[in-house]
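S.K.: Once you've had a glance at the structure underneath, I'll fire off some questions.
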Amino acid sequence: MNQIEILEQVQEFVARQHGHFINGQYYLDQKEPRIDITNPATEKVIATIADGSATSVEIAAKNAQDTFKNVWSKMSPYERGLKLNKLADLIEVNAEELAQLETLTAGKQINISRHLEVAQTVIFLRHFASNTTKIEGKTIQPSLPSMQGEQYTAFTLRQPVGVVAGIVPWNFSLMIGAWKIGSALSTGCTIVLKPSEFTTLSVLRIAELAIEAGIPAGAINVVTGLGLTGQHLIDSSSVQKVSFTGSVPTGIRIGQQAMQNDLKRVSLELGGKNAAALLADVNIDEILPILIQSTFVHQGQVCAAPERIFVHQSKYQELVTKASAVLESMPIGSPLDPSNVFGPLSNKPHYEKVKYYLNLAKEKGQILTGGEILDGEGYYITPALVKVDDVNDPLFIEETFGPVISVIAFEDEDQLIDMINDSRFGLAASVWSNDMSKVMRLIPKIEAGSVWVNMHTFLDPAVPFGGMKASGLGREFSDAYIDDYTEIKSVMMRF
Ligand code: TXE
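Residue 397 is where the sequence shown starts when you use the working numbering, and the numbers rise one by one after that.
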């Protein structure tokens, strides 16, 4: 084992008595209960955070509202962009510290924390920074009657909705937290983040860096706690919009709560049961490394990662044999050891959930390889390939969000499309083939917000991302998110 050294500043940060981050400073209410933060690689408690009450949430939301009204929405778009870019600079400067915090709390392999999470956070923030000066309305010529030569014109203004509640999951808390910060701040909104109770620390650190970047106190606030803290946030009358990333059941609950709160705006990026379709012409040797990597990155705990593999029957056996060999050779162990490619699952409840699905598969003799629970400390499960013959199998229907991939053979493209779309989810899918004529005919038929060709799970800030069906509401990135964070005001003039 060759683990990296934990930086001194990381040790110091982890050891702090963490409070909320409100109006540019830590806010600690000694009466609030504490929640343990556990390192999933060791099962040791490494820190505690506050379980935020309605009172703390209200203070944060009120500060965000004051800062929205009096400071941030009045600042020039150019200046807002400069400050977001400065935050991106500071994330680069503190990259190793942030990567280590992610690895310690989420069990993310250190190279993924460094080269995917932190590096992509910087790239995404710079994209949002570049959008601040590109928020536009339009001019319209009304067709109203002119009796005495009067004329009309109309234009639209795009105005920030106000305070955003950003509710963040545990799988990529730094990056998803930064998506919500970038979306809110680039459109002139302010934000109160509620990170996952499992992975709060990196989000608290970003809020601190934002102050160093010159982002006004109160523009980015963080309240920590369980789901109830998130509920208080949605209920706050200072909050105008909710942006949530997480599971479908919680997303539906949050959507209902937002609607009951006088139709609070809501965008939801939820789960998936994403399909990867391997057509008859695929070269298994060529595609396998990239397919495995996009499936098992961060132990498969990625909302867009494939969980259902459809392979043409002529390639089924070759895929199963070769994929099993690759999975069996994957080095698994401490995420702080850069030579491992596979680490622990991120938290105990999720580990239990994945074990439940694996047990179902084991009972029915479906496991082709992997799915072993490793002895000793840490939530380690070896990457699993599972055979599915029936599309009604729970492993083919429900999101496992873990290192479990189900594989099924198909005969022709009509059957393939029916099986892909036979799902309540519609987040993402991929088609693997060099027969572009077939691929181009399949793409419009697939019910998914993103379709990749000969790749999967790659996100880019210039390309919109979001789900169809139960996978979500709204789109992130590009300029697609701007609609969700602004209101259109129509202005009509007679002259
Ligand atoms: O997620 P939740 P959990 C899946 C994954 C996992 C399961 C449960 O399969 O096993 O969801 O994980 C906050 N009002 N995904 O419980 O509930 C919560 O505190 C307001 C897939 O961690 O979705 C956290 O900050 N907020 C997913 C955030 O919501 C509430 C990523 C996410 O929690 C709340 C994560 C409420 N009523 C898990 N209840 C993906 N697809 O990206 C909870 N929260």
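Note that beta-carbon positions come from the ideal geometry of N, C-alpha and C, so glycine has one too.
Give the single residue among Asp-631, Ala-676, Thr-646 and Glu-809 whose Cα lies nearest to the Cα of Lys-660.
M.R.: Residue 660 sits at position 264 when you count from the first residue of the sequence shown. It is Asp-631.
S.K.: Would you check if there are 3 or more beta carbon pairs closer than 8 Å linking the segment 511-527 to the segment 535-551?
M.R.: With a cut-off of 8 Å, the segment 535-551 and the segment 511-527 do not count as touching, because too few Cβ pairs lie within range.
S.K.: Check each candidate in Ile-705, Asn-481, Asp-681 and Arg-704 and name the one with the smallest Cα separation from Glu-714.
M.R.: By one-based count along the sequence shown, residue 714 stands at place 318. Residue Asp-681 is the option with its Cα nearest to Glu-714.
S.K.: For the alpha helix (DSSP H) that Arg-522 lies in, which residues bound it at each end?
M.R.: The count along the sequence shown starts at 1 and reaches residue 522 at position 126. Residues 515-527.
S.K.: Taking the alpha-carbon positions, what's the Ile-536 to Val-489 distance?
M.R.: Mapped onto the sequence shown, residue 536 falls at position 140. Mapped onto the sequence shown, residue 489 falls at position 93. Those two C-alpha atoms are separated by around 46 Å.
S.K.: Buried or exposed, going by whether 16 or more other CB atoms sit within 10 Å of the CB of Asp-856?
M.R.: By one-based count along the sequence shown, residue 856 stands at place 460. Exposed, since its Cβ has fewer than 16 Cβ neighbours within 10 Å.
S.K.: Less than 6 Å between C-beta atoms, sequence neighbours within five positions excluded: which residues of the same chain meet that for Tyr-776?
M.R.: Along the sequence shown, read from residue 1 onward, the residue named residue 776 stands at position 380. Answer for Tyr-776: Pro-740 and Leu-770, listed in chain order.
S.K.: Checking 8 Å against the spacing of the C-beta atoms, do Gly-862 and Glu-665 come in under that value?
M.R.: Numbered from its first residue, the sequence shown carries residue 862 at position 466. Numbered from its first residue, the sequence shown carries residue 665 at position 269. Yes, these two residues count as a Cβ contact at 8 Å.
S.K.: Assign Arg-412 to one of two classes, buried (16 or more other C-beta atoms within 10 Å of its C-beta) or exposed (fewer than that).
M.R.: For the purposes of this step, residue 412 is identified with residue 16 of the sequence shown, where counting begins at 1. Label assigned to Arg-412: exposed.
S.K.: Hey, is the segment 730-740 in contact with the segment 699-717, meaning 3+ C-beta pairs nearer than 8 Å?
M.R.: They do not touch, by the three-pair rule.
S.K.: Touching or not, the segment 429-443 and the segment 630-646, by the rule of three or more beta carbon pairs under 8 Å?
M.R.: Judged by Cβ distances under 8 Å, the segment 429-443 makes no contact with the segment 630-646, as fewer than three pairs qualify.
S.K.: Considering only residues of the segment 776-850, which uninterrupted beta strand (DSSP E) runs meet the minimum length of 3 residues and lie entirely inside it, listed in chain order?
M.R.: Counting only runs of 3 or more, we get 780-783, 800-806, 824-828 and 846-849.
S.K.: Please report the straight-line C-alpha distance between Val-518 and Pro-538, rounded to a whole angstrom.
M.R.: Your numbering for residue 518 matches position 122 in the sequence shown. Your numbering for residue 538 matches position 142 in the sequence shown. Each residue's Cα considered, the two are about 43 Å apart.
S.K.: Hey, Leu-791 and Gly-667: beta-carbon distance below 8 Å or not?
M.R.: The residue labelled residue 791 in the question sits at position 395 within the sequence shown. The residue labelled residue 667 in the question sits at position 271 within the sequence shown. No, Cβ-Cβ distance for Leu-791 and Gly-667 is not below 8 Å.
S.K.: If we require 3 or more residues per run, which beta strand (DSSP E) segments fall completely within the segment 689-719?
M.R.: For the segment 689-719, whole beta strand (DSSP E) runs of length 3 or above, ordered along the chain, are 702-708.
S.K.: Pull up the CB-CB distance for Arg-900 and Phe-409, whole angstroms please, since I reckon it's below 8 Å.
M.R.: Outside the displayed span of the chain (397 to 891) sits residue 900, for which this structure offers no information.
S.K.: Below 8 Å, can you find three or more Cβ-Cβ pairs linking the segment 868-886 to the segment 546-555?
M.R.: At 8 Å Cβ cutoff, the stretches touch.
S.K.: What is the C-beta distance between Lys-834 and Leu-675, in whole angstroms, given that I count them as a contact (C-beta under 8 Å)?
M.R.: On the sequence shown, residue 834 is found 438 positions in, with the first residue counted as 1. On the sequence shown, residue 675 is found 279 positions in, with the first residue counted as 1. So it is a contact: roughly 6 Å between Cβ atoms.
S.K.: In chain order, which continuous runs of the beta strand (DSSP E) of length 3 or greater are located wholly inside the segment 600-636?
M.R.: Correct list: 616-618.
S.K.: Run through DSSP, which three-state label would Lys-885 get?
M.R.: Looking up residue 885 in the sequence shown gives position 489. If DSSP states are grouped into helix, strand and coil, Lys-885 belongs with the strands.
S.K.: If you draw a straight line from the C-alpha of Phe-797 to the C-alpha of Gln-555, how long is it?
M.R.: As a working mapping, residue 797 is identified with position 401 in the sequence shown. As a working mapping, residue 555 is identified with position 159 in the sequence shown. Approximately 37 Å between the Cα atoms of the pair.
S.K.: Mapping the DSSP letters down to three states, classify Glu-748 as helix, strand or coil.
M.R.: Counting from one through the sequence shown, the residue named residue 748 turns up at place 352. If DSSP states are grouped into helix, strand and coil, Glu-748 belongs with the helices.
S.K.: With DSSP as the reference, label Gly-647 as helix, strand or coil.
M.R.: For the purposes of this step, residue 647 is taken as the residue at position 251 of the sequence shown. Correct three-state label for Gly-647: helix.
S.K.: Can you give the beta carbon distance from His-852 to Leu-723, rounded, assuming they're within the 8 Å contact cut?
M.R.: Residue 852 sits at position 456 when you count from the first residue of the sequence shown. Residue 723 sits at position 327 when you count from the first residue of the sequence shown. Their Cβ separation, rounded to whole angstroms, is 16 Å, which puts His-852 and Leu-723 out of contact at 8 Å.
S.K.: Am I right that Ala-561 and Leu-629 are in contact with their C-beta atoms under 8 Å? What's the rounded C-beta distance?
M.R.: Looking up residue 561 in the sequence shown gives position 165. Looking up residue 629 in the sequence shown gives position 233. Indeed they touch by this definition, with Cβ atoms about 4 Å apart.
S.K.: In angstroms, rounded to a whole number, what distance separates the CA positions of Gly-651 and Ile-563?
M.R.: Stepping through the sequence shown from its first residue, residue 651 is reached at position 255. Stepping through the sequence shown from its first residue, residue 563 is reached at position 167. Going from the Cα of Gly-651 to the Cα of Ile-563 covers about 12 Å.
S.K.: Nearest by alpha-carbon distance to Ile-572: which of Ser-582, Ser-592 and Val-557 is it?
M.R.: Taking the sequence shown and counting its residues from 1, the one referred to as residue 572 is at position 176. Selected option, being the one with the closest Cα: Ser-592.
S.K.: Name the two residues that bound the continuous beta strand (DSSP E) containing Thr-444.
M.R.: On the sequence shown, position 48 is the one that residue 444 refers to. 440-446 is the extent of the beta strand (DSSP E) around Thr-444.
S.K.: Rounded C-beta distance between Gly-614 and Thr-529? I'm assuming under 8 Å.
M.R.: On the sequence shown, position 218 is the one that residue 614 refers to. On the sequence shown, position 133 is the one that residue 529 refers to. Going by Cβ atoms, the distance from Gly-614 to Thr-529 rounds to 23 Å, so no, they are not a contact pair.
S.K.: CB of Glu-795 to nearest heavy atom of the ligand TXE: below 7 Å?
M.R.: Against the sequence shown, residue 795 aligns to sequence position 399. Checking the Cβ of Glu-795 against the ligand TXE gives yes.
S.K.: Taking DSSP as the reference, what is the three-state secondary structure of Ile-531?
M.R.: Residue numbering aside, residue 531 sits at position 135 when the sequence shown is read from its first letter. Reduced to three states, the DSSP call for Ile-531 is coil.
S.K.: Return the residue from the list Glu-513, Gly-448 and Ile-577 that minimises the CA-CA distance to Tyr-877.
M.R.: Residue 877 sits at position 481 when you count from the first residue of the sequence shown. The option with the nearest alpha carbon to Tyr-877 is Ile-577.
S.K.: Looking at the structure shown, is Pro-902 part of a helix, part of a strand, or coil, going by DSSP?
M.R.: Residue 902 lies beyond the residue range present for the chain, which begins at 397 and ends at 891; the question has no answer from this structure.
S.K.: Who does His-511 pair with in a DSSP beta bridge?
M.R.: If you number the sequence shown from 1, residue 511 lands on position 115. Looking at the DSSP assignment, His-511 forms no beta bridge with any residue, so it has no partner.
S.K.: I'd like to confirm the pairing. Which residues does DSSP put opposite His-416 in its beta bridges?
M.R.: In the sequence shown, the residue the question calls residue 416 occupies position 20. Paired residues: Tyr-423.
S.K.: What does the alpha-carbon distance come out to for the pair Thr-765 and Val-784?
M.R.: By 1-based counting over the sequence shown, the position of residue 765 is 369. By 1-based counting over the sequence shown, the position of residue 784 is 388. Taking the straight line from one Cα to the other gives about 13 Å.
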